[in-house]
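Take a look at the structure below.
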Amino acid sequence: MARVYVSIGSNIDKEKNIPSSVKALQEHFGDLDISNVYETKAVGFEGDDFHNLVVGFDTDESPLEISNVLKKVEADHDRTRGKEKFESRTLDLDQLLYGDLVMQMDGVNLPHTDILRYNFVLKPLTELAGEVEHPEEEKTINELWETYEEKGEMTVVEYEF
Numbered sequence: 239m240a241r242v243y244v245s246i247g248s249n250i251d252k253e254k255n256i257p258s259s260v261k262a263l264q265e266h267f268g269d270l271d272i273s274n275v276y277e278t279k280a281v282g283f284e285g286d287d288f289h290n291l292v293v294g295f296d297t298d299e300s301p302l303e304i305s306n307v308l309k310k311v312e313a314d315h316d317r318t319r320g321k322e323k324f325e326s327r328t329l330d331l332d333q334l335l336y337g338d339l340v341m342q343m344d345g346v347n348l349p350h351t352d353i354l355r356y357n358f359v360l361k362p363l364t365e366l367a368g369e370v371e372h373p374e375e376e377k378t379i380n381e382l383w384e385t386y387e388e389k390g391e392m393t394v395v396e397y398e399f
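Mapped onto my numbering, the consecutive letters of the sequence shown carry residue numbers 239 to 399.
Next up, the structure:
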């Protein structure tokens, strides 16, 4: 059984898509640990603010199986993958950690590089996995946050799950 962490983000119909995606993940994976939801400005393009959070769960499914589930949930929420990396989206689900596994296969990269890149991924991850050691950095998630330089502005947004 592996402990998995997934980031969730949306800036299109986010008040609908965030709860709906959490429900879809609960239905598939069972009980989820859920971080606070943070509102942040769009990064890399002009667009509506994003709502971002991280969920954690235990599973026997492989990283590739999880990736397929995440893609299906995105598709069920009308996610379209454009040519632009930075664009508005109904839903963005990324597998961040799968235990202490390090892998790059079939589009699944673990640990996900966004952990070290974005405050809206790292901060909510600290709430669920603060004492977990990053598989490549030899620091805990909390230690990574403490030394993260671009904390920026993030506001907690209330959701009921």
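Glycine included, each C-beta is placed from N, C-alpha and C at the ideal position.
Go ahead and label R355 buried or exposed: buried means 16 or more other beta carbons lie within 10 angstroms of its beta carbon, across all protein chains shown. Along the sequence shown, read from residue 1 onward, the residue named residue 355 stands at position 117. Exposed, because fewer than 16 other Cβ atoms sit within 10 Å of the Cβ of R355.
For H289, which residues does DSSP report across the bridge? Position 51 of the sequence shown, counting from 1, holds the residue named residue 289. Beta-bridge pairing links H289 to S248, E277.
Would you call Q200 buried or exposed, if buried means 16 or more other Cβ atoms sit within 10 Å of its Cβ? Outside the modelled stretch of the chain, which goes from 239 to 399, sits residue 200, for which no answer is possible.
Going by DSSP in three states, F399 sits in which element: helix, strand or coil? Residue 399 sits at position 161 when you count from the first residue of the sequence shown. DSSP places F399 outside both helix and strand once states are collapsed to three, so it counts as coil.
Please list the terminal residues of the continuous beta strand (DSSP E) segment that includes L335. Counting from one through the sequence shown, the residue named residue 335 turns up at place 97. Start and end: 330-336.
Where the beta strand (DSSP E) through L348 begins and ends: As a first step, residue 348 is located in the sequence shown; it is residue number 110 there, counting from the start. 346-348 is the span of the beta strand (DSSP E), which, as asked, contains L348.
Out of A313, D251, E284, which one is the CA nearest neighbour of A262? Counted from its first residue, the sequence shown places residue 262 at position 24. Considering only A313, D251, E284, the residue with the shortest C-alpha distance to A262 is A313.
Below 8 Å, can you find three or more Cβ-Cβ pairs linking the segment 286-303 to the segment 259-276? Output reads yes: the segment 259-276 touches the segment 286-303.
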